[in-house]
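J.: Here you go, one structure.
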Amino acid sequence: MSFKARIVGNATVVDVDGQLIVGNRHELKRLVLEELEGGARRFVIDFARTGYIDSSGLGILISLSKRVRELGGELRLASLSEELQRLFELTKLHTLFEIRDSLEQALSD
Amino acid sequence: MIFELPNDIGAIERAVDHAVACCAHARLDRRLLLFNFRVGLTEALSNAMLYGNRNQPGGRVRVELRVRPGEVRASVSDQGRGFDPDRVPDPRLPANLLRPDGRGVFLMRALMDEVHFNPEGNSVTLVLRDPGGGDRGADTPAPTGEDARAAGAARHDIRLPGHDDDDVTRILAATIARSAELARQAETTRADLEAALEANRRMREEMAREHATREMQLAHDLQLKLLPPIPRMKGVEAAARVVPAASVGGDFYQVIQLSGGRVGVMIGDVSGHGFPAALIMALVMSAATIYAEEGRAPAAVLEYLNRAIGDELESTEMYLSLCYCVLAPGRSGIAYSNTGHPHAFVVQADGTPRRLFATDPPMGIGPTPYGESNLRWRPGEDLLLLFTDGLSDTLARSRRSTGEERVLDTVAANRHRPVSEILDTLFEMSRDAVPSIPADDRTAVILRTS
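Here the protein sequences line up with chains A and B, keeping their order.
Sequential numbering of the first sequence, starting at 3, is according to my numbering.
Sequential numbering of the second sequence, starting at 767, is according to my numbering.
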């Protein structure tokens, strides 16, 4: 499992490789907050290589999205698998996040 | 199959993968196993570690797996006092949607076929079945009576249409069988390796024990040093005491002199133990004094406190139950905010207690801003009584009443005596009731105004 940030155009893309769960969620938080501190404002979290997310993982995404918005930025989610998409729908969190089918779409508008 | 885990959230992912590997012969839909089961079990384990065992490093979590064709049952038990799963608010409500927490139980129920909590609320059983499990052959047992209880808790299947799950399951089973064979071949060399690892582990445990003892002494000293003496105030009679446990909890109290003759009274309990809990407690106490002395209302004081320590609570996975009351001699009202502190009362002149109900969930879990409530207060008659569960738990042995009731009865019976004597009586009683060293701090504050 790992989180990596890379710059694509004017956006910071964070790849979630593996799971986003209670045991590692603070690593994602730290990474995004560091980028935020470094001036990044447009974030795309890419879940193309993510297995599952638990409630703690969802929680950290909510906290981060709030923080990014407070600073005038935006955090989008991209490439959710069918299961992950369903997870967001079950919890009604799909109404809270900007979700795009692919990384390209998340970066394009 | 049964295994035990240390209370370490970093161990969850591997434990879940291990459990999934053990379920291969259930021949469940692979997607159900790899998603629904993994998420559900992760929730159960993190609940057990963070809330059940209150994130204490010494805690253990027990996992019991029962696998049969078409069905997997996983029971997760912790050593905590349990909780009432039906009191968890619906995380999908608009008011809760922005909360970063409170989705664990919901997800378990949404992703599994059945979720059963034991009556104590410290053990949960997750059941996942193959939707086609009923026609798998004669070896599939009939559904149990528990099915009826699961009515209405329909699982949300997450699957792709037209996917041949059986093939994948067979490949997965073959892979696991192959790795078991490889493991057997490696058994001999592993025995040597294990002996060496065992020696190494024993040495590290010894070192950790020494370290823990030193840490405990430090935390102990810190806790006692921080507790302030009770100021002498006109028209206020107050007494307070903390008896720290051997393992140092995070109990504290404060009685603060405010402007205009008012008095602020605070009691709190940090969820963790040891040095981290003592540090949180130190932070809370210094911050609380500053904000309280500015004369702010209870909800505002807690709001500032949360700003000061919220990040610390989140990163250490601890939370804080705290009750802060403001009252004044000669005045007939008491204002308070209470983030999940269970034992706060006004004991009236006739001995009847009135509870200062929690206005919010514990700090570190619940959202802000905090609520505030007002209660009638009769100067010269009423007693303010705040205590932590360390005190009531030591008294809980009686068959006739709970520990809390015994504390209340004792205070009611002694309500006309000076507050310091009431306090003495309480702690004498709890000392007599404790057969050995108690596991938690015992704390109480009693106050009367004229």
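Each residue gets a CB set at the ideal place from its N, CA and C atoms; glycine is no exception.
From a predicted model like this one, the values you see are computed outputs, not experimental measurements.
May I have the straight-line CA-CA distance separating alanine 908(B) from leucine 894(B), to the nearest angstrom?
T.: As a first step, residue 908(B) is located in the second sequence; it is residue number 142 there, counting from the start. As a first step, residue 894(B) is located in the second sequence; it is residue number 128 there, counting from the start. Residue placement at alanine 908(B) is poorly supported in this model, since its pLDDT is 40, which falls under 50; the coordinates still yield a value, given next. Their Cα atoms are separated by approximately 14 angstroms.
J.: With a threshold of 9 angstroms between beta-carbons, can serine 1037(B) be considered close to chain A, or not?
T.: To locate residue 1037(B), count along the second sequence from 1; it is residue 271. Not closer than 9 angstroms to any Cβ of chain A, the Cβ of serine 1037(B) fails to qualify, so no.
J.: Quick one: Cα of serine 1037(B) to Cα of glycine 11(A), how far?
T.: Sequence index remark: in the second sequence, residue 1037(B) carries index 271 (1-based). Sequence index remark: in the first sequence, residue 11(A) carries index 9 (1-based). Cα to Cα, serine 1037(B) sits roughly 45 angstroms from glycine 11(A).
J.: Give the DSSP bridge partners of lysine 6(A), in chain order.
T.: Within the first sequence, numbered from 1, the residue matching residue 6(A) stands at position 4. The partner list for lysine 6(A) (beta bridge, DSSP) reads Asp17(A).
J.: Let me check one thing: in DSSP terms, what residues is cysteine 1091(B) bridge-paired to?
T.: The residue given as residue 1091(B) occupies position 325 in the second sequence. For cysteine 1091(B), which the question treats as bridged, DSSP gives the partners Val1031(B), Tyr1102(B).
J.: Span of the beta strand (DSSP E) holding leucine 1157(B)?
T.: By one-based count along the second sequence, residue 1157(B) stands at place 391. Here leucine 1157(B) belongs to no beta strand (DSSP E); instead the alpha helix (DSSP H) covers 1155–1160.
J.: DSSP three-state label for aspartate 913(B), please.
T.: Your numbering for residue 913(B) matches position 147 in the second sequence. Below a pLDDT of 50, predicted positions are generally treated as unreliable, and aspartate 913(B), at 41, falls in that range; no measurement from the model is reported.
J.: Beta-carbon of proline 1135(B) versus every beta-carbon of chain D: anything under 9 angstroms?
T.: Within the model displayed, chain D is absent; protein chains A and B are what it includes.
J.: Smallest Cα separation from serine 1196(B): which of Glu1060(B), Thr1215(B), Val1009(B), Tyr1085(B)?
T.: One-based indexing of the second sequence puts residue 1196(B) at position 430. When only C-alpha atoms are compared, the closest one is Val1009(B).
J.: Please confirm whether alanine 1199(B) and arginine 1007(B) have their CB atoms less than 9 angstroms apart.
T.: Counting from 1 along the second sequence, the entry for residue 1199(B) is found at position 433. Counting from 1 along the second sequence, the entry for residue 1007(B) is found at position 241. It is not a contact, given that the beta carbons lie outside the stated cut-off.
J.: Is it true that the segment 867–879 of chain B meets the segment 801–809 of chain B, where meeting means three or more beta-carbon pairs spaced less than 8 angstroms apart?
T.: These segments touch.
J.: Got a sec: is the Cβ-Cβ distance from glutamate 809(B) to anything in chain A below 9 angstroms?
T.: Walking along the second sequence from the start, residue 809(B) turns up at place 43. True, the Cβ-Cβ gap to chain A drops below 9 angstroms.
J.: Any idea if glutamate 1170(B) is buried or exposed, counting beta-carbon neighbours within 10 angstroms, 16 or more meaning buried?
T.: As a first step, residue 1170(B) must be located in the second sequence, where it is residue number 404. Classification for glutamate 1170(B): buried.
J.: Terminal residues of the continuous beta strand (DSSP E) containing phenylalanine 1111(B)?
T.: Here residue 1111(B) corresponds to residue number 345 of the second sequence, with the count starting at 1. That run of the beta strand (DSSP E) goes 1110–1113.
J.: For glycine 848(B), I'd like the list of residues in its chain whose CB is within less than 7 angstroms of its CB, leaving aside the five on either flank, ordered along the chain.
T.: On the second sequence, position 82 is the one that residue 848(B) refers to. Once the five neighbours on either side are set aside, the close Cβ partners of glycine 848(B) are Glu886, Gly887, Asn888.
J.: Can you pull the chain A neighbours of serine 1290(B), defined as C-beta to C-beta under 7 angstroms?
T.: Since the first residue of chain B shown is 767 and the last is 1216, residue 1290(B) is not available in this structure.
J.: Which of helix, strand or coil does DSSP assign to serine 843(B)?
T.: The sequence position of residue 843(B) within the second sequence is 77, counting from 1. It is a strand residue.
J.: Determine the chain A residues that contact arginine 869(B) at a beta-carbon separation under 8 angstroms, and present them in chain order.
T.: As a first step, residue 869(B) is located in the second sequence; it is residue number 103 there, counting from the start. Under the 8 angstroms cutoff, chain A gives Ser57, Leu60, Gly61, Thr93.
J.: Quick one: does phenylalanine 1193(B) have its CB under 9 angstroms from some CB of chain A?
T.: Taking the first residue of the second sequence as position 1, residue 1193(B) is located at position 427. No, its Cβ sits nowhere closer than 9 angstroms to a Cβ of chain A.
J.: Does phenylalanine 769(B) have its Cβ less than 9 angstroms from a Cβ in chain A?
T.: The residue you call residue 769(B) lines up with position 3 of the second sequence. No, phenylalanine 769(B) lies away from the interface with chain A (no Cβ there is under 9 angstroms from its Cβ).
J.: Does the pairing of the segment 79–97 of chain A with the segment 767–774 of chain B give three or more beta-carbon distances under 8 angstroms?
T.: Counting Cβ pairs under 8 angstroms, fewer than three are found: no touch.
J.: Closer than 7 angstroms between beta carbons: that is the criterion. Which residues of the segment 823–838 of chain B meet it against chain A?
T.: Answer set for the segment 823–838 of chain B: empty.
J.: DSSP three-state label for glycine 77(A), please.
T.: As a first step, residue 77(A) must be located in the first sequence, where it is residue number 75. Looking at the sequence shown, residue 77(A) is not glycine but leucine. Leucine 77(A): strand per DSSP, three-state reduction.
J.: Going along the chain, which unbroken runs of the beta strand (DSSP E) with 3 or more residues stay wholly within the segment 851–905 of chain B?
T.: List check, beta strand (DSSP E) in window: 880–883, 889–895.
J.: Can you confirm whether glutamine 21(A), when its beta carbon is compared against all beta carbons of chain B, has any partner nearer than 9 angstroms?
T.: In the first sequence, residue 21(A) corresponds to position 19, counting from 1. It does: the Cβ of glutamine 21(A) has a partner Cβ on chain B nearer than 9 angstroms.
J.: For valine 34(A), which residues in chain B fall below 8 angstroms Cβ to Cβ?
T.: As a working mapping, residue 34(A) is identified with position 32 in the first sequence. Those do not exist, as valine 34(A) stays about 14 angstroms from chain B at its closest Cβ, beyond 8 angstroms.
J.: Please report the residue range of the alpha helix (DSSP H) in which tyrosine 1070(B) lies.
T.: Taking the second sequence and counting its residues from 1, the one referred to as residue 1070(B) is at position 304. Looking at the DSSP string, the run of the alpha helix (DSSP H) that includes tyrosine 1070(B) is 1064–1082.
J.: Between the segment 791–804 of chain B and chain A, which residues of the former have a C-beta closer than 9 angstroms to a C-beta of the latter?
T.: Listed by position, the residues of the segment 791–804 of chain B near chain A (Cβ gap below 9 angstroms) are Arg797, Leu800, Phe801, Asn802, Arg804.
J.: Taking the alpha-carbon positions, what's the glutamate 36(A) to glycine 1076(B) distance?
T.: As a first step, residue 36(A) is located in the first sequence; it is residue number 34 there, counting from the start. As a first step, residue 1076(B) is located in the second sequence; it is residue number 310 there, counting from the start. Straight-line Cα distance between these residues: approximately 19 angstroms.
J.: If valine 1050(B) sits next to leucine 993(B), beta carbons under 8 angstroms apart, how far is it from one beta carbon to the other, in whole angstroms?
T.: Counting from 1 along the second sequence, the entry for residue 1050(B) is found at position 284. Counting from 1 along the second sequence, the entry for residue 993(B) is found at position 227. Actually they are not in contact, since the Cβ atoms of valine 1050(B) and leucine 993(B) sit about 12 angstroms apart, beyond 8 angstroms.
J.: Return helix, strand or coil for glutamine 822(B), following the three-state DSSP convention.
T.: Along the second sequence, one-based indexing puts residue 822(B) at 56. Glutamine 822(B) falls in the coil class under three-state DSSP.
J.: Name the two residues that bound the continuous beta strand (DSSP E) containing valine 46(A).
T.: Against the first sequence, residue 46(A) aligns to sequence position 44. Taken as a continuous stretch (DSSP letters only), the beta strand (DSSP E) holding valine 46(A) covers 44–48.
J.: What residue from Ser843(B), Arg865(B), Cys789(B), Glu837(B) has the CA that sits closest to proline 772(B)'s CA?
T.: Reading the second sequence from its first residue, position 6 is the one you call residue 772(B). Looking at the Cα atoms, Ser843(B) is the closest of the given residues.
J.: Could you work out which residue in Asp1190(B), Arg1062(B), Ala1053(B), Thr891(B) is closest to asparagine 1072(B) when comparing CA atoms only?
T.: Counted from its first residue, the second sequence places residue 1072(B) at position 306. Nearest option by C-alpha distance: Ala1053(B).
J.: With the cut-off set at 9 angstroms, would you say aspartate 56(A) and valine 18(A) are in Cβ contact?
T.: To locate residue 56(A), count along the first sequence from 1; it is residue 54. To locate residue 18(A), count along the first sequence from 1; it is residue 16. Cβ atoms of aspartate 56(A) and valine 18(A): not closer than 9 angstroms.
J.: Can you check which of these residues, Pro855(B), Cys1091(B), Gly1030(B), His1182(B), is closest to isoleucine 1294(B) by C-alpha distance?
T.: Examination of residue 1294(B) is not possible in this model, given that chain B is present from 767 through 1216 alone.
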